[in-house]
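Visitor:
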Amino acid sequence: MSLLENPVALGAACFVAGSASGYWLWRWKERNLRAASTLQEQAALADARRQAEAITREARLKGSEEALKFRQEAENSYASRKQELGDAERRLVEREGLINRQLQSLVDEERRLREREETCKQTSEDLEHQCQEAAEITRRRREELQAISKLNESEARSQLLKEIETESLKDANHLTRRILEEAKTKAEEKARRIITVAIQRYAGEHTNEISSATVALPNEELKGRIIGREGRNIRAFEAATGVTVLIDDTPNAVVLSGFDPVRREVARESMHRLILDGRIHPTRIEEVVSKVSQEMDETIVRYGDDAAHRAGIASVHPEVIKLLGRLRFRHSFSQNVLDHCVEVAHLTGLLASELGLDPNVARRCGLLHDIGKAVSHEVEGPHAQVGADLLRRLGESEEIVHAVAAHHDEVPHNGPLGILVSAADAISASRPGARSETMTTYIKRVEDLERIGLSFDGVEKCFAVQAGRELRVMVKPEGVTDEQSFALARSISRKIEAELQYPGQIRVTVLRETRCVEFAK
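Here this note's numbering = 1-based position in the sequence shown + 981.
#1: How far does the beta strand (DSSP E) with VAL1226 in it reach, from first residue to last?
#2: For VAL1461, which residues does DSSP report across the bridge?
#3: Based on the DSSP output, what are the partners of VAL1235 in its beta bridges?
#4: I need the straight-line Cα distance from THR1490 to GLU1428, nearest angstrom please.
#5: Kindly indicate which three-state DSSP category ALA1501 falls into: helix, strand or coil?
#6: According to DSSP, is PHE1444 part of a helix, a strand, or is it coil?
#7: Return helix, strand or coil for HIS1253, following the three-state DSSP convention.
#8: Considering only the beta carbon of each residue, do VAL1382 and ARG1373 sit closer than 7 Å?
#9: Let me know if PHE996 comes out buried or exposed under the rule of 16 or more other beta-carbons within 10 Å of its beta-carbon.
#10: If contacts are defined as beta-carbon pairs under 8 Å, then CYS1346 and VAL1402 qualify, I think. What distance do you get, rounded to the angstrom?
#11: Where does PHE1310 land, buried or exposed, given buried means 16+ other C-beta within 10 angstroms?
#12: Assign PHE1218 to one of two classes, buried (16 or more other C-beta atoms within 10 Å of its C-beta) or exposed (fewer than that).
#13: Specify the secondary structure class of GLU1451 as computed by DSSP and reduced to three states.
#14: Considering only residues of the same chain and omitting the five flanking positions on each side of ARG1493, which have a CB-CB separation below 7 Å?
#15: In whole angstroms, what separates the C-alpha of GLN1113 from that of THR1119?
#16: I need the straight-line Cα distance from GLN1275 to HIS1389, nearest angstrom please.
#17: In three-state DSSP terms, what is LEU1203?
#18: Who does GLN1316 pair with in a DSSP beta bridge?
#19: Where do the N-terminal and C-terminal ends of the alpha helix (DSSP H) with ARG1265 fall, by residue?
#20: Mapping DSSP to helix, strand and coil, what is LEU1331?
#21: In angstroms, rounded to a whole number, what distance separates the CA positions of GLN962 and ARG1159?
#22: Could you pull the start and end residues of the alpha helix (DSSP H) that VAL1367 belongs to?
#23: Our contact map puts PHE1437 next to ILE1487 with C-beta atoms below 8 Å; I'd like the distance itself, whole angstroms only.
#24: Can the beta-carbon of ALA1289 be found less than 7 Å from the beta-carbon of VAL1297?
#25: Between the Cα of ASP1278 and those of PRO1263, THR1225, ASP1258, PRO1299, spot the shortest distance and give me the residue it belongs to.
#26: Between which two residues does the alpha helix (DSSP H) harbouring LEU1349 extend?
#27: Need the endpoints of the beta strand (DSSP E) that ARG1488 sits in, please.
#28: Less than 8 Å between C-beta atoms, sequence neighbours within five positions excluded: which residues of the same chain meet that for ILE1302?
#29: Please list, in chain order, all residues of the same chain as GLU1201 whose beta carbon is under 8 Å from its beta carbon, the five residues on each side excluded.
#30: Is ARG1213 closer than 7 Å to ILE1261 when the C-beta atoms are compared?
#31: Are the beta-carbon atoms belonging to ASP1351 and VAL1318 less than 7 Å from one another?
#32: Nearest by alpha-carbon distance to LYS1204: which of LEU1349, ASP1229, ALA1326, GLU1099 is it?
#33: Buried or exposed: which applies to ILE1215, given that a residue is buried once 16 or more other Cβ atoms fall within 10 Å of its Cβ?
#34: Just verifying my parser: in three-state terms, what is the DSSP assignment at VAL1456?
#35: Below 6 Å CB to CB, which residues in the same chain sit around ALA1387 once its five sequence neighbours on both sides are set aside?
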């Protein structure tokens, strides 16, 4: 039976044939894949070799460039070093030549000095010989004169002295007359200089600022209302006025602390009005403070105009008027600074009139001398220099500016105005009743005076007398000499000026006593 007639056999034959063909087909594909993979690997290897060769060539090129660069830098460094060495060698040669020339000049100078020494020695011998000859000639002439005049030496000397005395009296009379005539012509100038020097020695610088104000309360309950819920009222008041409110154990009183006197006065007036009104809350506080501030600006201008009018000063810059008005709220040892300025203006004008100077310019200097205190808390520096800079910017003359800057001797005086202002300032501050201080401050100042005196070596005892205006220092005579006593007095004065604040001036007297005791038996 044939395969066509047997389906099973035919199927088996077809399966075998298909399997064989599939196997050989798979083997053929695998060989082709292996061949393709080998070709790819060979191509990748060739690419890698080409890239490696390219990288190698590039690295060699870079290495060559770096080597050339390093070589060029080395050559440049060598050339620069060679140039520096050449310059150093040239400088050494020049210095050696200079030293040689200096040495030669020293040798020449030594030779000239030796020659001069020989010349001086010869001249000295010649002079000594000439002196001996002159003495011999004088002796012979004296004998001849005695023989001719028939007078001995004592009689001739008496007659000569009488003639010389007569001629000297005549010359002295002529000289006295000439000195008197010159004194009459220069009397006014000399008197001015003497007065200004004396005034300058009398002047001084002392200030003490008040930085707090106390507001009385009708009852203790108002303290709680001023503080407010969780302190919001007191915070609003401090933010609006710029001062610190101190509520302590003082009964029926609050303290307003601030360095700016105008802000402190605004705060005091605002607090007073709030207490009278009774409505104390942040909105009301802002309204009252704003209104008081506007009124304060007008008040300041009014005070400034009034001060200028009282001092007899016209055409004052508006900004200067405002600054003068601000001084109304400043005090120095209980003396109002604005009143002090007006008083100094009058005193300066009187002194200037006595010296023949322009009293108007002098009064203007006196009125404006403390203008720097109105802004001294805002600008660094001494109030005299601050005021001078301010007046210069506002167009005041250089004469007035210098007088203001020099009234505390912080810059040298170039005219009498600064000295007059300094003197008037000291007179106004030290007159009786002008300034006062508390008992505690006074006692502490006296204690500090004695402490400063005892801090120096050689001091045995110290006593503050005349209400603290004089310090008497007793030193040990075996430890301090008379010359050292003067130096000790100056040192104590300088230390007092540096460490203490006081009105007027303090006199330092150093006493040195040596007692020698012996007993006659």
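Glycine residues also receive a C-beta, built at the ideal position from the N, C-alpha and C atoms.
Guide: Reading it off the structure:
#1: 1225-1227
#2: According to DSSP, which records beta bridges pairwise, VAL1461 is partnered with nothing at all.
#3: VAL1196
#4: 17 Å
#5: coil
#6: strand
#7: helix
#8: yes
#9: exposed
#10: 5 Å
#11: buried
#12: buried
#13: strand
#14: VAL1456, PRO1458, VAL1461, ASP1463, SER1466
#15: 10 Å
#16: 35 Å
#17: helix
#18: SER1313
#19: 1263-1292
#20: helix
#21: What is shown of the chain runs 982 to 1502, which leaves residue 962 out entirely.
#22: 1364-1374
#23: Rounded, the Cβ-Cβ distance is 16 Å, inconsistent with contact.
#24: yes
#25: PRO1299
#26: 1340-1349
#27: 1488-1492
#28: VAL1282, GLY1285, ASP1286, ALA1289
#29: PRO1232, ASN1233
#30: no
#31: yes
#32: ASP1229
#33: buried
#34: strand
#35: HIS1394, GLY1399
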